[in-house]
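Chains as they are written, first to last, in our numbering: chain U, 826 to 955; chain C, 23 to 534.
Below: the structure, in structure tokens.
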């Protein structure tokens with residue numbers, strides 16, 4: 826079964842996303858960037874849902890670390906954040922492709938799940954998407 | 023040579039008369055009679071001597087003043103000679119008289135007609151009196167002048183004191199930008215002394231833009247202080263102190279009018295460093311609070327969405343389903359408010375960064391019409407798009423933001439319209455600008471509200487009473503973006519008839 830790692834400190838988000846995705850995928854969860862990084866490298870999930878603002882290690886730092894790993898370099902990442910796309914984040918994410926970027930409060934849950942399903946049905950990505 | 027005393031009397035210029043006193047039965051002198059007169063008598067009295075000899079004066083010339091008879095009576099009684107001046111009404115003349123007693127009842131009188139001298143004298147006296155009066159009047163005027171001068175000096179001192187006590191900086195200039203007046207507050211803020219600025223041009227105390235570029239007052243202050251206009255400079259302008267440090271300032275420029283003529287400008291300004299700091303802190307707080315609010319609101323949003331997707335939920339009573347819809351609607355409203363708050367705080371903190379791209383305005387307007395037409399249809403509002411310039415050139419701008427700006431105007435036009443009203447979106451271009459107008463047939467905006475319409479959190483009286491949904495941020499965002507792009511937003515409105523908002527953007531907008 827394909828694996829999705831949810832790195833998010835808000836348990837309410839973790840809970841709901843797990844509910845929606847469980848059954849179709851194996852769900853792994855981590856409550857900060859540091860734990861998430863360890864779990865990602867160890868389990869090599871097909872997709873990582875990554876929050877940005879978290880204690881201990883934030884999402885962008887985690888992503889930068891992840892991209893140094895051979896698996897992490899090509900891992901699919903969807904950044905889920907409550908921050909709006911400010912220029913510095915955009916610049917960072919472009920360097921850290923492949924990934925997708927969603928502002929949680931501006932995106933409907935349905936749309937997000939559809940995107941995830943679509944992404945998971947595609948063959949593994951080895952190069953840039955979007 | 024032989025001569026006698028008579029010759030003297032015969033040849034002299036003065037009149038001479040020898041007279042006899044006439045008494046009544048009680049022995050009181052009542053008149054006198056001419057016994058003899060000299061030839062000069064006629065000249066002095068206008069009466070020929072022959073006609074008067076042996077005649078009583080009272081008969082000859084009735085109505086003589088009593089002082090004559092009184093004078094001669096005294097003379098005849100006590101024998102003391104008299105030298106006097108008197109007027110005689112019957113003769114119509116004034117005389118200087120020397121009289122003396124001759125024997126018991128007679129007296130002689132030598133006299134000269136002094137009528138002319140008397141008149142001259144009287145006239146001189148009159149003139150003298152007039153002069154005295156004039157002198158008094160002049161003195162009064164002088165006194166009044168002194169008082170007025172003192173009052174004016176006090177008033178002037180008061181004016182100066184008032185000017186100097188104004189907490190805001192005041193600089194007055196003439197039409198050539200020469201500094202005429204600078205008050206204490208202005209001097210203190212700028213670090214200049216009176217001696218430094220006297221005869222200086224205000225252009226030498228350059229205002230700067232936020233970017234540190236000098237603001238050429240020649241091209242700026244005087245033109246905006248044209249007749250009938252008052253203007254504030256951009257709130258991000260700076261005044262440069264004498265020591266070349268600078269401070270943010272809010273300046274109001276007003277023309278000085280003397281009758282119809284503009285004789286200069288008056289600049290009133292204050293240091294807004296403190297206000298800026300407070301504003302910044304406020305924006306930062308709003309930004310932080312909004313971010314914090316977004317997480318729980320986002321969570322609720324997703325959970326509600328998940329809840330609505332549950333199969334069993336369809337079996338709930340309609341009323342309960344309505345409750346969920348209501349919760350969702352209000353949660354979305356709060357999220358929207360938070361979104362707007364974030365946009366505002368980002369603009370205020372200068373954190374806005376455009377993502378400019380060539381944008382086809384017609385495509386953008388059509389998509390807005392598409393999105394808004396459902397809300398319009400609900401109120402049976404006729405939503406029209408009128409393209410006055412066919413194929414307007416694409417404009418390089420952040421399309422999403424431009425969409426947000428225009429959508430705000432269109433949504434308002436629908437929201438504040440009457441049912442079955444009309445909303446017309448017009449687009450045209452001129453040589454330099456893209457002009458988008460949004461006109462409605464709604465409730466209109468009162469002149470009072472129009473003045474504050476574009477300020478943060480401002481809601482018109484109508485908006486407050488008829489529609490509770492707005493945040494008071496929409497038009498502030500419109501104005502903030504429009505101005506950041508180098509454009510303008512204006513409103514024309516008649517209450518109960520409708521409003522027209524005009525967005526004018528340069529075809530080559532400034533990208534922020």
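Every residue, glycine too, gets a C-beta built ideally from N, C-alpha and C.
{"Check": "For the region 288-321 of chain C, which residues have a beta carbon sitting closer than 7 Å to at least one beta carbon of chain U?", "Outcome": "313, 316, 317, 319, 320, 321"}
{"Check": "Hey, is residue 114 of chain C close to the ligand SAM, as in C-beta under 8 Å from one of its heavy atoms?", "Outcome": "Looking for the ligand SAM in the displayed structure turns up nothing, as the structure carries no ligands at all."}
{"Check": "At which residues does the beta strand (DSSP E) containing residue 456 of chain C begin and terminate?", "Outcome": "455-462"}
{"Check": "Report yes or no: do the region 304-313 of chain C and the region 215-224 of chain C share at least 3 C-beta pairs separated by less than 8 Å?", "Outcome": "no"}
{"Check": "Please state the DSSP three-state secondary structure of residue 521 of chain C.", "Outcome": "strand"}
{"Check": "Reducing DSSP to helix, strand and coil, say where residue 495 of chain C ends up.", "Outcome": "coil"}
{"Check": "Would the beta-carbon of residue 416 of chain C fall within 9 Å of that of residue 461 of chain C?", "Outcome": "no"}
{"Check": "How would you call residue 270 of chain C, buried or exposed, if buried means at least 16 neighbouring beta carbons within 10 angstroms?", "Outcome": "buried"}
{"Check": "Expressed to the nearest angstrom, what Euclidean distance is found between the alpha-carbon atoms of residue 330 of chain C and residue 347 of chain C?", "Outcome": "9 Å"}
{"Check": "Report all residues from its chain with a CB closer than 7 Å to the CB of residue 937 of chain U; omit the five preceding and five following residues, and keep chain order.", "Outcome": "927"}
{"Check": "Name the chain C residues whose beta carbon is nearer than 7 Å to that of residue 929 of chain U?", "Outcome": "320"}
{"Check": "Is DSSP giving residue 287 of chain C helix, strand or coil here?", "Outcome": "strand"}
{"Check": "Using only the alpha-carbon positions, how far apart do residue 54 of chain C and residue 159 of chain C sit?", "Outcome": "50 Å"}
{"Check": "Quick one: which chain C residues come within Cβ less than 7 Å of residue 907 of chain U?", "Outcome": "313, 316, 317, 320"}
{"Check": "Could you check whether the region 91-101 of chain C touches the region 67-75 of chain C, counting it as contact only if at least three pairs of C-beta atoms, one from each stretch, sit closer than 8 Å?", "Outcome": "no"}
{"Check": "Please specify which runs of the beta strand (DSSP E), each continuous and at least 3 residues long, are wholly inside the region 415-440 of chain C, giving them in chain order.", "Outcome": "417-419"}
{"Check": "Does residue 325 of chain C have its Cβ less than 9 Å from a Cβ in chain U?", "Outcome": "yes"}
{"Check": "Closer than 8 Å is the cut-off here; do at least three beta carbon pairs connect the region 109-125 of chain C with the region 24-31 of chain C?", "Outcome": "no"}
{"Check": "Are any of the Cβ atoms in chain U nearer than 9 Å to that of residue 328 of chain C?", "Outcome": "yes"}
{"Check": "In chain U, what lies closer than 9 Å to residue 495 of chain C by C-beta?", "Outcome": "Under the 9 Å cutoff, chain U gives no residues; its nearest Cβ is about 16 Å from residue 495 of chain C."}
{"Check": "Does the pairing of the region 348-355 of chain C with the region 287-305 of chain C give three or more beta-carbon distances under 8 Å?", "Outcome": "no"}
{"Check": "How big is the Cα-Cα spacing for residue 507 of chain C and residue 200 of chain C?", "Outcome": "34 Å"}
{"Check": "Counting only Cβ-Cβ distances shorter than 8 Å, please list the residues of the region 834-859 of chain U near chain C, keeping chain order.", "Outcome": "835, 837, 838, 841, 844, 845"}
{"Check": "Here's the rule I'm using: 16 or more other beta-carbon atoms within 10 Å means buried, otherwise exposed. How should residue 180 of chain C be labelled?", "Outcome": "exposed"}
{"Check": "Under 8 Å: do the region 867-876 of chain U and the region 888-906 of chain U share three or more Cβ pairs, one atom per stretch?", "Outcome": "yes"}
{"Check": "Please state the DSSP three-state secondary structure of residue 70 of chain C.", "Outcome": "coil"}
{"Check": "9 Å is my cut-off, CB to CB: does residue 942 of chain U come that close to chain C?", "Outcome": "no"}
{"Check": "Taking residue 475 of chain C and residue 499 of chain C to be in contact with their CB atoms under 8 Å, please state how far apart those CB atoms are, rounded to whole angstroms.", "Outcome": "That pair is no contact at about 13 Å."}
{"Check": "Below 7 Å on C-beta distance, what does residue 357 of chain C contact in chain U?", "Outcome": "930"}
{"Check": "Relative to the C-alpha of residue 275 of chain C, which residue among C:267, C:281, C:286 is closest?", "Outcome": "C:286"}
{"Check": "Could you check where the beta strand (DSSP E) with residue 901 of chain U kicks off and where it finishes?", "Outcome": "901-906"}
{"Check": "Please identify, using Cβ separations under 9 Å, the residues of the region 863-883 of chain U that lie next to chain C, in order along the chain.", "Outcome": "878"}
{"Check": "What three-state label does DSSP hand residue 128 of chain C in the structure shown?", "Outcome": "strand"}
{"Check": "Would you give the residue range spanned by the alpha helix (DSSP H) that residue 187 of chain C belongs to?", "Outcome": "137-187"}
{"Check": "For residue 244 of chain C, is the classification buried or exposed, using 16 other Cβ atoms within 10 angstroms of its Cβ as the cut-off for buried?", "Outcome": "Residue confidence for residue 244 of chain C is low, a pLDDT of 42 falling below 50, so the modelled location carries little weight and cannot support an answer."}
{"Check": "Would you list, in sequence order, the uninterrupted alpha helix (DSSP H) runs of no fewer than 4 residues that lie entirely inside the region 319-376 of chain C?", "Outcome": "340-370"}
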